[in-house]
Structures are given as structure tokens and as C-alpha cells.
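Worksheet for the structure shown next.
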Amino acid sequence: MEKAIVLGCSAIGAGLAMIAGIGPGIGEGYAVGKTIESIARQPEAKGDCTRTMFIGVAMAESTGIYAFVVALILMFANPFLKKL
Amino acid sequence: MDSIGQGPKVVFTIPIFGGIEVTETIVIGWGIIVAVLLLSLWLTSDLKKIPEKKRQIVAEMFVDFVNNTVKNTMGPAFMSFAPYIAMLLVYAVLGALVSLIGLRPMTADFNTTLTWALMTFVLITYFKIKTNGFGGYLKSFAAPIPVMLPLNLLSEVATPLSMAFRMFGNVSGGMVITTLLYGALGSLSRLLHVSFSLGVFDINLAQMFIPAMLSIYFDLFSGCIQAYIFATLTMVYVSSAAEES
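Just so you know, the sequences run in chain order A and B. With my numbering, letter number 48 in the first sequence gets 48, and the count goes up by one each step, no holes. Add 84 to a position in the second sequence, counting from 1, and you land on the number used in my numbering.
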């Protein structure tokens, strides 16, 4: 019974953790939109803009990746099950 | 569904120091090292001043690409970094692309990415100490005001951790999603009665074609972009560590 509760709550927690995916989604979309704007204004700076955008997008993605790692730990390497 | 939720399988155990476990990742990594060695020997054999063969042109294109990237990002003073960056790029791209032939991607193991991130961290610290001196390096943690000390320490530790987690998360996320999709499509084809059994092989019709589309994004695009980003971040961090006054 205890195990079932812990497992169920862990699954809910993993799902809740992935809500953090909203943030990077919005941020990356904004960054890419701005990059396209600047490329449309100055097509000759395309290479620089794209390279910088990729670095920025990768940085913005970190928070989403952290949430994903938390979800993975909750699902596959649950630390709470060992405490029962 | 067996491959998710578990780390890489242990292939064999070396019976010294109480048994050192050699995992899939290490075996695949050594396989890639041997493959890259043979490939570079083949690409650079019989070099001419004016290239005659296609393979020499390919090798020169790759070397030029790395040299130009390092020169543009770090400046001409850091050209000695080009081989290290080329190593990171080749190893990371091939380590992610082995999933195309059905092996476990090497970068889906946190040990691999953490090792690379720690190598970068050592380089960053070395260049910070080299430019500022050891006293200046210690003092930079208390800048601009001593109250910031815990935050500065945290951000120093977060740099290698976030680099390692980013690469690991992307590749293993793709692996988990692809494996889940395979499982779902397998049940779907058993539900629709389109799964056959040919001796030891199970053929599920729904499992064909659809995972290939996802594989283009998760294996090809994500693997190459993450390798490029890891190399670029290494260059940016190291050159900014050397610039600090």
C-alpha cells in the first residue's frame, strides 16, 4: 500500500516536473523569432546570427533539461522507494 | 522497453580491485576510437600538395572548418586548441550517431558527458589561474562584494554540471522517447493484427517508417547540434576565462 502511494505520487511528480518545459519553449521561440527578424533586416549577418542563436537556445534549454532529469530520476531511479 | 530505466549494460568484468565493470559505453567508445584512427589514417594517406583524391579534399574541408571556427570564436592566439575541439566534435558526433546502427548512444551515459565537462572545467580553471594568478583567482570569487561568495561558488560548479546535463539530457531524452514509441507501436500492431513472427524475429508493421522520421530529429539533428554546442561552449568559456583581468 505504501509502495503504491509512493509510486503514484512519484509518477504525478514526474509529470508536474515536466511543466517546466513551458519556459524553455517560450524562450526559445522568442529567441528564434528575434533571430529571424534580424536576419530579415541584415541578411549578410546570417551566419553570425544563427551561430549565436544556437548557443543561446542551448543555454535556455538547460532548465528544461534539468526538469527532464528530475522526471527521469523520479521514474527510473526513485530515491523514495529505498526509504520504505 | 528493457533498455529504458537502466544504465548501460555491463559487458564484462575485469577481475582486479574487486572487479571493474566494463559497460557498453566503454566498449562502444573504444570502438569509435579505433574507427576514427583507421579513418584518419585512410584520409591522410598519400597526401599531395595539389589534392587529387576526394578523400584529401574531405579531410582538408574538416580541418579548415575546425580551424576557422576556433579562429572566429577564440581568436588566433588559441589555435593550439583546434585539435582538442576537433576531438570533441568527432567523438561526440560519432558517439551520438552510433544509435543509427542500433547501438546505445555513447553520450546517453552521464559518465561520458561529465568526463568531457570536467576536462573543460580543468581548462577553464587553468586559464583563470594563468591570467589572474592564484590570488586573483581566489579573489574573483568575492567579486564584486564578499557577500556574493556562495553565489559565485555555485555558478562555478554549475558550469560543468549544466554542460554535462545538457548533452546527456538531450541524447537520453531522445532515446527514451524513441523506445516508448517503439513499445506503443508494437502494442498497436498487435492490436490491429499486423504483427508476424518469423522464427526469432517479430515483425510489427506499425513499427516501420514512423520511428525513422523521429530518428532524423533525435539522432541526426540533436546529436550533431549538441556536439557543436558543447564544442562552442568550451571555446567560449575558455577564451572568456583567459580574457578576465
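Glycine included, every Cβ here is placed at the ideal spot set by N, Cα and C.
task = Give, in chain order, every residue of the region 252-267 of chain B whose Cβ lies closer than 9 Å to some Cβ of chain A.
result = F252, G253, N254, S256, G257 and V260
query = Closer than 7 Å, Cβ to any Cβ of chain B: which residues of the region 51-69 of chain A, in chain order?
reply = F54, I55, A58, E61, S62, I65, Y66, F68 and V69
request  = Flag I88 of chain B as yes if its beta-carbon sits less than 8 Å from any beta-carbon of chain A, otherwise no.
outcome  = Residue placement at I88 of chain B is flagged as unreliable, the pLDDT there being 47, under the threshold of 50; a coordinate-derived value is accordingly withheld.
Cα-Cα separation, A315 of chain B to I55 of chain A = 10 Å
task = Quick one: grab the DSSP three-state call for V94 of chain B.
result = strand
key: Cβ-based contacts, 9 Å cut-off: residues of the region 287-306 of chain B near chain A   = none
message = Need the endpoints of the alpha helix (DSSP H) that V32 of chain A sits in, please.
response = I22 to R41
task = Check whether the Cβ of F249 of chain B lies closer than 8 Å to any Cβ atom in chain A.
result = yes
query = Where S281 of chain B and V57 of chain A are concerned, what is the direct C-alpha to C-alpha distance, given to the nearest angstrom?
reply = 45 Å
key: Check whether G113 of chain B and M190 of chain B have beta carbons under 8 Å apart   = yes
request  = Go through its chain and collect everything with a Cβ distance to P160 of chain B's Cβ below 8 Å, but skip five positions before and after it.
outcome  = none
request  = Establish whether the CB of S246 of chain B and some CB of chain A are separated by less than 8 Å.
outcome  = yes
query = Mapping DSSP to helix, strand and coil, what is E240 of chain B?
reply = helix
ask   = Under a three-way DSSP split, which group does E136 of chain B fall into?
value = coil
Counted within 10 angstroms of its Cβ, other Cβ atoms place W200 of chain B as buried (16 or more) or exposed = buried
ask   = Hey, F68 of chain A and M18 of chain A are a contact pair by Cβ (cut 8 Å); roughly how many whole angstroms apart?
value = 7 Å
task = If I'm right that L187 of chain B touches V120 of chain B with Cβ under 8 Å, what's the distance once you round it to whole angstroms?
result = Actually they do not touch by this definition, with Cβ atoms about 15 Å apart.
key: Candidates B:L264, B:I300, B:I313 and B:T157, of which the one nearest L181 of chain B by Cα   = B:I300
message = Tell me which residue opens and which closes the beta strand (DSSP E) that L282 of chain B is part of.
response = S279 to L282
Residue from A:G29, A:L16, A:K3 and A:P24 with nearest C-alpha to A71 of chain A = A:L16
key: Proximal chain A residues relative to I100 of chain B, where beta-carbon distance stays under 8 Å   = Residues of chain A passing the Cβ test: none, with the nearest at roughly 28 Å.
key: Which listed residue (B:R274, B:D130, B:T318 and B:M251) has its alpha carbon closest to that of Y168 of chain B   = B:T318
request  = Report yes if the CB atom of M75 of chain A is closer than 8 Å to the CB atom of A20 of chain A, and no otherwise.
outcome  = no
message = So with CB distances below 9 Å, who are the chain A contacts of L317 of chain B?
response = I55, A58 and M59
query = Looking at the structure shown, is I229 of chain B part of a helix, part of a strand, or coil, going by DSSP?
reply = coil
task = Go to F285 of chain B, then tell me how far its alpha helix (DSSP H) extends in each direction, as first and last residue.
result = Taken as a continuous stretch (DSSP letters only), F285 of chain B belongs to no alpha helix (DSSP H), being part of the beta strand (DSSP E) at F285 to N288.
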